[in-house]
Each structure stands twice: as structure tokens, then as C-alpha cells.
Amino acid sequence: MTTRTATALEGLVARLAGTAPDLKVETGPGPTGLYAYDASNYRVPPRAVAFPRSADDVCAVLRACRETGVPVTARGGGTSMAGNAVGPGVVLDFSRYMNRILDIDPEARAARVEAGVVLDALRSATASHGLTFGPDPSSHSRCTLGGMIGNDACGNRSVRHGRTSSHIESLELVTADGVRVVADRTGLHAADPDDSEALQYVARLEADVRRLIDAGLAPIRTELGRIPRQVSGYQLHHLLPEHGFDMARALVGTEGTVAVVTAATVRLVPTAPASALLTLGYDDVVDAAEDVPEILGWNPTAVEGMDEAIVATMRARRGPDSVTGLPEGRAWLYVELDGDDEATVNSRAAELLDVLKAHGRMTGGRVVESAAERRSLWRVREDGAGLAARLVDGGESWPGWEDAAVAPEDLAAYLRDFRKLLARHSLTGVLYGHFGAGCVHVRIDFELATDAGRTATRRFLSEAATLVVKHGGTLSGEHGDGRARGELLEVMYSHRMIRMFAEFKEIFDPEGLLNPDVIVAPARLDADLALHTPEVLPVETLFSFPHDEDGFAGAVRRCVGVGRCRSSAGGVMCPSYRATGEENDSTRGRARLLQEMVRSGTVQDGWRSTEVKDALDLCLSCKACSSDCPVGVDMATYKAEFLHQHYKGRLRPRSHYSLGWLPLTSALAGYVARPVNALLRGPLGRLLARLGGVTTKRRIPAFASRRALRGVLRKTKTGESSKALLFVDSFTRAFRPEVAGAASRVLADAGIPCTAEDGLCCGLTWVSTGQLSVARRVMARTVAHLDNGDDRPVVVAEPSCAAALKRDVPELLDTDAARRVAARVHTLTGALTDLAAAGWTPPELPESVVLQTHCHEYATFAGRRPHDLLRRLGVRKVDEAEGCCGLAGNFGFEEEHYDTSMAVADLALKPRLDGIDGDPRTVVVADGFSCATQIDHLAGDRGVRALHLAELLDPAADQPGETS
Numbered sequence: 005m006t007t008r009t010a011t012a013l014e015g016l017v018a019r020l021a022g023t024a025p026d027l028k029v030e031t032g033p034g035p036t037g038l039y040a041y042d043a044s045n046y047r048v049p050p051r052a053v054a055f056p057r058s059a060d061d062v063c064a065v066l067r068a069c070r071e072t073g074v075p076v077t078a079r080g081g082g083t084s085m086a087g088n089a090v091g092p093g094v095v096l097d098f099s100r101y102m103n104r105i106l107d108i109d110p111e112a113r114a115a116r117v118e119a120g121v122v123l124d125a126l127r128s129a130t131a132s133h134g135l136t137f138g139p140d141p142s143s144h145s146r147c148t149l150g151g152m153i154g155n156d157a158c159g160n161r162s163v164r165h166g167r168t169s170s171h172i173e174s175l176e177l178v179t180a181d182g183v184r185v186v187a188d189r190t191g192l193h194a195a196d197p198d199d200s201e202a203l204q205y206v207a208r209l210e211a212d213v214r215r216l217i218d219a220g221l222a223p224i225r226t227e228l229g230r231i232p233r234q235v236s237g238y239q240l241h242h243l244l245p246e247h248g249f250d251m252a253r254a255l256v257g258t259e260g261t262v263a264v265v266t267a268a269t270v271r272l273v274p275t276a277p278a279s280a281l282l283t284l285g286y287d288d289v290v291d292a293a294e295d296v297p298e299i300l301g302w303n304p305t306a307v308e309g310m311d312e313a314i315v316a317t318m319r320a321r322r323g324p325d326s327v328t329g330l331p332e333g334r335a336w337l338y339v340e341l342d343g344d345d346e347a348t349v350n351s352r353a354a355e356l357l358d359v360l361k362a363h364g365r366m367t368g369g370r371v372v373e374s375a376a377e378r379r380s381l382w383r384v385r386e387d388g389a390g391l392a393a394r395l396v397d398g399g400e401s402w403p404g405w406e407d408a409a410v411a412p413e414d415l416a417a418y419l420r421d422f423r424k425l426l427a428r429h430s431l432t433g434v435l436y437g438h439f440g441a442g443c444v445h446v447r448i449d450f451e452l453a454t455d456a457g458r459t460a461t462r463r464f465l466s467e468a469a470t471l472v473v474k475h476g477g478t479l480s481g482e483h484g485d486g487r488a489r490g491e492l493l494e495v496m497y498s499h500r501m502i503r504m505f506a507e508f509k510e511i512f513d514p515e516g517l518l519n520p521d522v523i524v525a526p527a528r529l530d531a532d533l534a535l536h537t538p539e540v541l542p543v544e545t546l547f548s549f550p551h552d553e554d555g556f557a558g559a560v561r562r563c564v565g566v567g568r569c570r571s572s573a574g575g576v577m578c579p580s581y582r583a584t585g586e587e588n589d590s591t592r593g594r595a596r597l598l599q600e601m602v603r604s605g606t607v608q609d610g611w612r613s614t615e616v617k618d619a620l621d622l623c624l625s626c627k628a629c630s631s632d633c634p635v636g637v638d639m640a641t642y643k644a645e646f647l648h649q650h651y652k653g654r655l656r657p658r659s660h661y662s663l664g665w666l667p668l669t670s671a672l673a674g675y676v677a678r679p680v681n682a683l684l685r686g687p688l689g690r691l692l693a694r695l696g697g698v699t700t701k702r703r704i705p706a707f708a709s710r711r712a713l714r715g716v717l718r719k720t721k722t723g724e725s726s727k728a729l730l731f732v733d734s735f736t737r738a739f740r741p742e743v744a745g746a747a748s749r750v751l752a753d754a755g756i757p758c759t760a761e762d763g764l765c766c767g768l769t770w771v772s773t774g775q776l777s778v779a780r781r782v783m784a785r786t787v788a789h790l791d792n793g794d795d796r797p798v799v800v801a802e803p804s805c806a807a808a809l810k811r812d813v814p815e816l817l818d819t820d821a822a823r824r825v826a827a828r829v830h831t832l833t834g835a836l837t838d839l840a841a842a843g844w845t846p847p848e849l850p851e852s853v854v855l856q857t858h859c860h861e862y863a864t865f866a867g868r869r870p871h872d873l874l875r876r877l878g879v880r881k882v883d884e885a886e887g888c889c890g891l892a893g894n895f896g897f898e899e900e901h902y903d904t905s906m907a908v909a910d911l912a913l914k915p916r917l918d919g920i921d922g923d924p925r926t927v928v929v930a931d932g933f934s935c936a937t938q939i940d941h942l943a944g945d946r947g948v949r950a951l952h953l954a955e956l957l958d959p960a961a962d963q964p965g966e967t968s
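Take 5 as the starting number for the sequence shown in our numbering and just add one per residue.
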């Protein structure tokens, strides 16, 4: 930052402290590093990030920026793929505070929302009225209405509902001069009708715009609004006399370059009572596109397409059962029909299927009847951008030409030519998108890190722009032009139209401070590329990162910003973000700061960075991101590696010693369990907890004696020939040896008699505290013992230890022996799913169960989850707390993390426990020791105790959890 820039920033911050004292403004390397990225290829560090709470705060920022000459970029969820949510000045993050739904009017089918409202929040709020917001981008769980307005977003059901602009009644705006105005279907108005200066200001703006439109009627009528998805440029045709000077619709899609949206009144649409989903298989995407015109004649709500690479990646990342319901093929269409009743809709779906079969292009097709299958299939499509970014073979692909659109009837011809263009440039593209609207999303394996690769990318994009225009199409169909396509607008539009765009912006923003370098006077499309910034940090790590060609640098580069970790529901990722709502506490935010660290960008001090340490501090190491993140970011592993490097040769936090070395201390405590437990329950125990950095707000679990463990292990010897090894992990050994006994009995009952292996450790606690050198020694000893020619399955009752053996051990040791051991590891759920004798039935089970699945089991053992097993064994209702319990091993025991731990528990687990209402018949199941401990902390005083699955299924139990 230059001296002049720093001075301007200091003046800006000082002015805002006086005019908007409650406005949160951040300027350090951490926040600017976080907001240097969106979901595009670009990296533009801002000077500051502001978090407005009201339109008055936005006015204050814009006035201060105008006086100091600092640009402003408005931002919602930060999921832009075109680079229109990054900027060099002040970034306004509306998602943090300006996220209120101000009014819902069911009779008028309208809602008034602030710009930072997440689409799913609006949909949830209107669902009880039988209404929804029509446009539904795949990022609906984290995209904001302000961002949708900025891009003129569409979504999966755009064949029915069109673009966001069709659903806007009015926009509440702040202009570049800091004046509040309202744009509606008839023009522009002052927000305060009694403000004479604002009235005069608005009158000048409107008069200038009318003169511009009157002077350009011919090019506006011939060049704009030609096809349904023509989003590129400004939508000036809405200002034509025949359209009533619709200023609201004209300002949708301006990408924050003309004014800043603070709130909007939107139209709502009724939800259909019934719907049906067809999945259609094809040999390739061109064949699929050929059938689109026929399908559109059936008035579908959605016609979505994708190719085989996305499906293969999903199955590789989340297990073969993660994608079911697809017919044979290498490309697929999803077709959704709706109607007033299920029978009629299903009948129409069957008719359509027959018609398409007669056309002869399909390789197969079916109506998807299972609601679970429909949810699974839609998730594959919605995760397309992330899944396509890092494929199963490890290849990387990038946006840049991810949003072109043509008329649907021209789609097949365009795709045929587009694939030839890719082949000529020796590029591979992963195709998916809104085929029913003619919009094709494609991520391409551009080489953006080298000069030669960037030159080749420019050449390809220029030819691609020419090609789509030849087919009557548009550069952008919903993502906006941003930095990716602004330079190419001259290929699509006449010079006169380009000048009109510039004049329109100048009327509202004469100094060019609003989102500069976008649409008007655009930056070069290859400027500010993130991959143009070299990775300069020497990265020698203990984890091997076997799935990332560039090791740690390649691993953190997995994050491409799609932001699923910012979702408030669905899956488990990311518990800390759900608890705090801070970008800094999201998986994406942490990954972006790690990328800055590797690049020595805003983060300059490498592994010693306090900004990165602070961002990782609230990471629970739950590993959910490794499964839920479409690109497979594994923040728990990155955190472990960072902590190892950060504290190398330095004093660590006290809890790293007290909790990280728990396997050793608990083993010693087992010899004197009774006096140790008595000591820990008294004042001295609380003192020791404080000295060890452990919260005193929790009871320290009682240690089991070695005698109790030996007694349990003696009883596990059945005399039968052993078919498996029961790995007695440190947590089971130290705190609940009865689980080992129950697991042994259950396995024997299921036809898998086992031999108990005691005295070994997976090294998990040393991994989670970043003491990787110790972890490797512990793991190496365990692997040496287990890899002795024995190929029997290794069953681990504690899911976190099973996950460590399955994943951390081979990735830390990076040996064939470690991989052989990992291949044998099963959770108890996995063993009963895969290895149980045919026809095995457990003892009588309860009608309903409240279930807390351990995050590591959820993330590491895809397709082998307790929920599915319990249902298959006959439990009719499994009420699963979808999310992290909040304790997460050492995290919730650490003094400074207790409050966050409880906030995470409040998200899913605590509401389930509160719903029990003391019903003694309710059974709570939690295999993870930390999960069971959190349940005891939350509800133990009400008599609620969590059972391990082994205790629930124990054939020796008179009642679940009670052995006779």
C-alpha cells in the first residue's frame, strides 16, 4: 500500500468513526485477505471491509469514499464466478448484519427484504404461506438477494420463473453520492419525499437517463433483450417507452456499478402442490440438448443438464451410494414437471418419457419416485461448480467461460461447435447447466499460472465469444460479466451500445467509484488472476497430501469460493460459521487466508502468522468439510499441519499438553483411577483444569480402572475362531470399557467373532493439537503391530479413532503398511453393514431413536452411517441431529472455546434433546465419546444418557444399555 493510499484509508476510517460510529470496519491483513476473493479466478485485495447495519451506514460509507476517492464494491455471499464481488477499495459485506426480512405480504404475494438476506431464509419464511421466490440458483443456501439482483440471477427453475429482474417490484438504493433513492416500475424517486435536495438530485438523474434512452432507441431495440438469458451489459431495454421506464428492472444486473442496493420488494410465486422428477440418460450432452425443444413443450419447471465427470467425482468423494437414480449414460437431463395433484403429474411424466424414448436419443430414463433420491440428485446438480473444480483424477478446472447462453433451440448446435473449439485448443471442459434456458456452465482446465497459459486462455475466450455471438447468444446468462467477460462485451455489442453503457454508468457514478473495472472501462480479463500470484512459501509438510499434486499449496487451493460452508442448514459443514456468522470462521475464509499465506500476499509471515492462527482457532476439526465441501477441502488436516509448523520449537497452549497427551495420562490414571477421580472432583481438580487450559464449566469424565478394562476384555474371549480385530482405542479404554464388551458381543452375535487388541493408539489427540511428530511415532508403532500379515478387518468402536486410522495414518506415514492397515478399518456401523452374517437380526429395538452421528464418521465413512443401519434394523423413526455436537474432542474442553462449543450444540443437538421432555422410553445414541460427553453435559441432569450403538444392540442387555 502506497503512502498516499494509506493516508486516504486513514482519512476514510476516521471520517466513518464520526459519521457512523456503530459501523464495523476492518483493515488488517486478515480481513483484506479473506475478501480478496470470490468464487472467480480473481484476487483483488480491498483496502478495507465494512459491515453495514443500515442504509444510513451505507450512505456514510459512500459519502466518505467519494470524498477520499476510494472505490466501493457491494458484496453478498461472495459466490460470484465472474469477479464482480471483489474490488480494490472498500468492500461492503451486506450478509453479516443487513439480512432481515422486513415484511411478507401473502395476499399481495410480495416481500420486502434487505440486501443481505440469504435466498433460503426467504424461502423458508414464505413456505408456510405456500409461496416462494421463483429464481433459485444452485447457491441458494448462501447467495443473498442483493447478489442475485446484482447479477440478475436465474437458477434451476428458470424455464418457469425466468430471471430475478422479472420478480422485482422496487429497489432501495444508495447512489455514489450517498443519496437514498427508490427505483420502481415507473422510474426513480427520492426515498424521502420531503428532502428537496434529494428530489432535485433524482429529477436530474431521471432526466439524463431519459435523454440517453431517447437518443438510442434503435440500438436498444435491436441489440438488447433478444433471448431469455441475455444478461450481459446493462438491460436498458426496460427503460423503453413501451416498457414504461421500468427503472427497477433496468438496474437489476448492473453488478453494483451504478448504485448500491440496500433492500428490495420482490414478487413471490405459489409453490405447486405436486411435482415429478425425470432423469434421462444420453451418450453425450449434445444428444441431451437435441431433446430440449421437445421437453420445453411440456411446460417443465426445470430442465438441467450435466456430464459424467461431475457424477464420477461425487461418487468418489462421498461414496457410490451418494448418487442413485440415474439411468445408464454419460450425460443426463433432469426434467421437473409440476401440477395440482401427484397422479396427474406422474401421468404426464410417464407420457413424456414415452415420447422421448420414441425419439431414440436416450440411453435410458426413469421417474424418480423416492424423495430421498430426488434430494440426492438435486444435490449433485447444485454442487456442480465445486465438483467440476477438482475432479476425481485430481485435475483442476476454472470458470471464465462458465455462463454463456443461447436460445434453447440453438443449444445443440452451439454445444457441437463449442466442443470442437475446446478440442482445437486442447482443452477439456466439464459441462453442466440450465439446458432448458440455453445456459451452459462449463469449467475448463485453463493453465492460468503461466504466461503462455494465460495467453492461450485469452485466445480461447476471444474465439468463444465470437462463437456464442455467431449462434445469437450472450456472454453471460446469469453470473454477470464481472472481470471475466467485461473486456469481451465489444465482441457482442456495437460501439454505440458500449458507449451507451458507459454514459448510463456515468450518469449515476460520474467518478467511477462503484465496482470499477466491471462492465464499463473493464479490466483485462487476465488481470488480477489469483494464480498469477506465485506461491512463494517453502512448503515442507509432515502430511503427505496424496491427492494434491502440489502438496499443501495444492490442497488449500482446492477452495474456489463456492461457499457451501456458509450454509446455515443441510449437511454438517461448517459448525463454527453457523455459530458465529463470520467469514473468518468459515471453511472458505480459512482456506483463503491459507492461500494468502502460501502466496505471501496480505499474510506476510508464513507459518508464524497470527492472522491464520486466529482464523483456525474456532475450527472444531470436525472434518465435515472434507465430505460436504464440493471440492473436498479438509480444514482439520490443514489446521493440524499449520499448528505443527506454527509451534515448532515454541511453547504451546496449555491444553495441547493436558488434552493432546490424554492417551498417555489416561493410561497412567487407569492404574489409580479411584483416587484420581476423587481428586478431580474436588477444588484441586478445578485448579488443575485451569492450569491445563481446561474449562471448569464441564465435569471431567471419570477414568475407568485397569481392573475394569481387564474384566471386560476377559469376557470378550468367546472361544470362537476370530474373524476380526476389535481395536480398543484410548477413549474406550480410559472412559467406557463397557463399550468394548458390548461391541464384542454384538460382533459375535452378528457372525463376526473378534479378538480384542489393547494398548495401541491411533494418535488422534496429537494430530488435532498439531503435534505431528509425536503422532507419527505413535502411529508407526500401531501400524507395525497391526501390519503383520493379518488381513482380518479392524473394527473400532470410537468413530474418531477409526477415522484417524482410516485417513490420518496413511496420510501422515505415507507408507504401504499404513495404507494396508487403513484399508482394513471399519466402524462398528460399517462392520455390521458389510460383514454381518446374512439374516442376522439384533435384539428388539425401540420404535424411535435420537441420533448424534460423530462428524468424523460422517466425513470419512460415506455410505456407512448409523442412521441407515438403524432404519434397516427396524427402528422406525431416527431423529438425527444433523450437525456437530460442539464438543469435538479437545475443542469444547478448552477454556476459550467453551462458549462456541455450546453455541454449536444449540444448532441441532440441544433442540433434539430438549424435545425429549423426560420421556424414559426415548433412546439417545451417540457412538462418539465426545458426542456422548456433550449429551451428558446438556441433559445428564435430566436423566438422559447416550448409548453407544454397541450398547443398543447388545444381546446381553435386558434393556438397551443394561447388561444382565
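For glycine and all other residues, C-beta sits at the position ideal for the given N, C-alpha and C.
Quick caveat, the model's predicted, so the values are computed rather than measured.
Inset, instruction - Excluding the 5 residues preceding and the 5 following serine 968 in the sequence, name in chain order all residues of the same chain whose CB lies nearer than 8 Å to its CB. - result: Position 964 of the sequence shown, counted from the start, is the residue given in the question as residue 968. Since pLDDT at serine 968 reaches only 47, below the 50 mark, its modelled position is unreliable, and no value is offered.
Inset, instruction - Apply the 10 Å Cβ neighbour rule to glycine 22 and answer buried if 16 or more other Cβ atoms are within range, or exposed otherwise. - result: The residue labelled residue 22 in the question sits at position 18 within the sequence shown. That one is exposed.
Inset, instruction - Tell me the start and end of each unbroken alpha helix (DSSP H) in the region 672-715 that is at least 4 residues and wholly inside, in chain order. - result: Runs of the alpha helix (DSSP H) inside the region 672-715: 677-685 and 687-695.
Legend entry - Cβ-Cβ distance between serine 659 and glycine 689 below 8 Å: Taking the first residue of the sequence shown as position 1, residue 659 is located at position 655. Taking the first residue of the sequence shown as position 1, residue 689 is located at position 685. Not in contact: serine 659 and glycine 689 (Cβ atoms no closer than 8 Å).
Legend entry - Close Cβ partners of aspartate 212 (< 8 Å) along its chain, the five nearest in sequence each way excluded: Position 208 of the sequence shown, counted from the first residue, corresponds to residue 212. So the list reads Ile511, once near-sequence residues are dropped.
Inset, instruction - Have a look at lysine 643 and glycine 150 and give me their C-alpha separation to the nearest angstrom. - result: Stepping through the sequence shown from its first residue, residue 643 is reached at position 639. Stepping through the sequence shown from its first residue, residue 150 is reached at position 146. When rounded, the distance between both Cα atoms is 33 Å.
Inset, instruction - Report the three-state DSSP secondary structure of leucine 956 (helix, strand or coil). - result: Along the sequence shown, read from residue 1 onward, the residue named residue 956 stands at position 952. Helix, per DSSP.
Inset, instruction - To the nearest angstrom, report how far apart serine 162 and leucine 695 are at their CA atoms. - result: If you number the sequence shown from 1, residue 162 lands on position 158. If you number the sequence shown from 1, residue 695 lands on position 691. The alpha-carbon atoms of serine 162 and leucine 695 are separated by roughly 59 Å.
Legend entry - Candidates Ile523, His871 and Ile108: closest to leucine 126 by CA position: Position 122 of the sequence shown, counted from the start, is the residue given in the question as residue 126. Selected option, being the one with the closest Cα: Ile108.
Inset, instruction - Under 7 Å Cβ to Cβ from threonine 857, same chain only, skipping five residues before and after it: list those, please. - result: As a working mapping, residue 857 is identified with position 853 in the sequence shown. Counting only Cβ-Cβ distances below 7 Å, and skipping sequence neighbours, we find Arg869, Pro870, His871 and Glu884.
Inset, instruction - Would you mind working out which of Gln938, Gly565 and Ala841 sits nearest glutamate 146, comparing C-alpha positions? - result: Residue mapping note: residue 146 aligns to position 142 of the sequence shown, counting from 1. It is worth fixing the name first, because residue 146 is arginine in this sequence and not glutamate. When only C-alpha atoms are compared, the closest one is Gly565.
Inset, instruction - Look up isoleucine 502 in the DSSP assignment and say whether it is helix, strand or coil. - result: Counted from its first residue, the sequence shown places residue 502 at position 498. Isoleucine 502 falls in the helix class under three-state DSSP.
Inset, instruction - Output yes or no for whether 8 Å exceeds the beta carbon distance between threonine 266 and serine 174. - result: Residue mapping note: residue 266 aligns to position 262 of the sequence shown, counting from 1. Residue mapping note: residue 174 aligns to position 170 of the sequence shown, counting from 1. Their beta carbons are not under 8 Å apart, which means threonine 266 does not touch serine 174 by this criterion.
Legend entry - Per-residue burial, threonine 470 [other beta carbons within 10 Å of its own, 16 or more giving buried]: Looking up residue 470 in the sequence shown gives position 466. Its Cβ having fewer than 16 others within 10 Å, threonine 470 is exposed.
Legend entry - Distance, glutamate 340 Cα to arginine 370 Cα: The count along the sequence shown starts at 1 and reaches residue 370 at position 366. The count along the sequence shown starts at 1 and reaches residue 340 at position 336. Their backbone Cα atoms lie some 12 Å apart in a straight line.
Legend entry - Buried versus exposed, by CB contacts within 10 Å (16 or more), tyrosine 286: Within the sequence shown, the letter at position 282 stands for residue 286. So tyrosine 286 counts as buried.
Inset, instruction - Give me whichever residues DSSP pairs with isoleucine 299 in a beta bridge. - result: The residue given as residue 299 occupies position 295 in the sequence shown. The partner list for isoleucine 299 (beta bridge, DSSP) is empty, contrary to what the question assumes.
Legend entry - Same chain, Cβ closer than 7 Å to arginine 737, five either side skipped, listed in chain order: Walking along the sequence shown from the start, residue 737 turns up at place 733. Around arginine 737: Leu713 and Asp762.
Legend entry - C-beta contact flag for tyrosine 205 and valine 186 at 8 Å: On the sequence shown, residue 205 is found 201 positions in, with the first residue counted as 1. On the sequence shown, residue 186 is found 182 positions in, with the first residue counted as 1. Going by C-beta atoms, tyrosine 205 is not nearer than 8 Å to valine 186.
Legend entry - Per-residue DSSP class, three states only, for lysine 28: Start at 1 with the first residue of the sequence shown, and residue 28 comes out as number 24. Lysine 28 falls in the strand class under three-state DSSP.
Inset, instruction - Can you tell me which of the three DSSP states glycine 150 falls into? - result: The residue labelled residue 150 in the question sits at position 146 within the sequence shown. Of the three classes helix, strand and coil, the one that applies to glycine 150 here is helix, per DSSP.
Legend entry - Distance, serine 625 Cα to serine 934 Cα: Counted from its first residue, the sequence shown places residue 934 at position 930. Counted from its first residue, the sequence shown places residue 625 at position 621. Approximately 13 Å, taken between the alpha carbons.
Legend entry - Contact between the region 785-799 and the region 670-679 (3+ Cβ pairs under 8 Å): no
Inset, instruction - Answer with buried or exposed for arginine 685, where buried requires no fewer than 16 other C-beta atoms within 10 angstroms of its C-beta. - result: By one-based count along the sequence shown, residue 685 stands at place 681. Flag for arginine 685 reads exposed.
Inset, instruction - Helix, strand or coil for valine 384, going by three-state DSSP, please let me know. - result: Here residue 384 refers to the residue found at position 380 of the sequence shown. In the structure shown, valine 384 sits in a helix (DSSP, three-state: H, G or I).
Inset, instruction - Please go through the same chain and pick out, in chain order, the residues whose beta-carbon is closer than 8 Å to the beta-carbon of arginine 420, but skip the five residues on each side of it. - result: Numbered from 1 along the sequence shown, position 416 holds the residue referred to as residue 420. Cβ neighbours of arginine 420 beyond the five flanking positions: Val290.
Inset, instruction - Confirm, please, whether the CB-CB distance from alanine 909 to leucine 942 is below 8 Å. - result: What you label residue 942 is simply residue 938 of the sequence shown in a count that begins at 1. What you label residue 909 is simply residue 905 of the sequence shown in a count that begins at 1. Their beta carbons are under 8 Å apart, which means leucine 942 touches alanine 909 by this criterion.
Inset, instruction - Report whether the distance from the Cβ of leucine 300 to the nearest heavy atom of the ligand HEM is below 7 Å. - result: This structure does not include the ligand HEM; it has no bound ligands of any sort.
Legend entry - Nonlocal neighbours in the same chain, by C-beta distance under 7 Å from alanine 746, ignoring five residues either side: By one-based count along the sequence shown, residue 746 stands at place 742. Within the same chain, alanine 746 has close Cβ partners His952, Ala954, Glu955 and Asp958.
Inset, instruction - Inspect the CB distances between the region 483-495 and the region 53-63 and report whether three or more fall short of 8 Å. - result: no
Legend entry - Reduced DSSP secondary structure (H/G/I, E/B, other) of alanine 59: Along the sequence shown, one-based indexing puts residue 59 at 55. Correct three-state label for alanine 59: helix.
Inset, instruction - Report the rounded CA-to-CA distance for serine 980 versus valine 750, giving the unit in angstroms. - result: Nothing about residue 980 can be read from this structure; the chain reaches only from 5 to 968.
Inset, instruction - Can you give me the Cβ contacts of arginine 113 inside the same chain, cut-off strictly under 8 Å, excluding the 5 residues immediately before and after it? - result: Position 109 of the sequence shown holds residue 113. Leu135, Arg271, Leu272, Val273 and Pro274.
Inset, instruction - List the endpoints of the continuous alpha helix (DSSP H) containing tryptophan 770. - result: For this step, residue 770 is matched to residue 766 along the sequence shown. Unbroken alpha helix (DSSP H) run through tryptophan 770: 768-772.
Inset, instruction - Along the beta strand (DSSP E) that carries arginine 271, what are the first and last residues, could you check? - result: Along the sequence shown, read from residue 1 onward, the residue named residue 271 stands at position 267. Counting along the chain, arginine 271 sits inside the beta strand (DSSP E) bounded by residues 264-271.
Legend entry - Helix, strand or coil at tyrosine 39 [DSSP, three-state]: As a first step, residue 39 must be located in the sequence shown, where it is residue number 35. Looking at tyrosine 39 - three-state DSSP - the assignment turns out to be coil, as it is neither helix nor strand.
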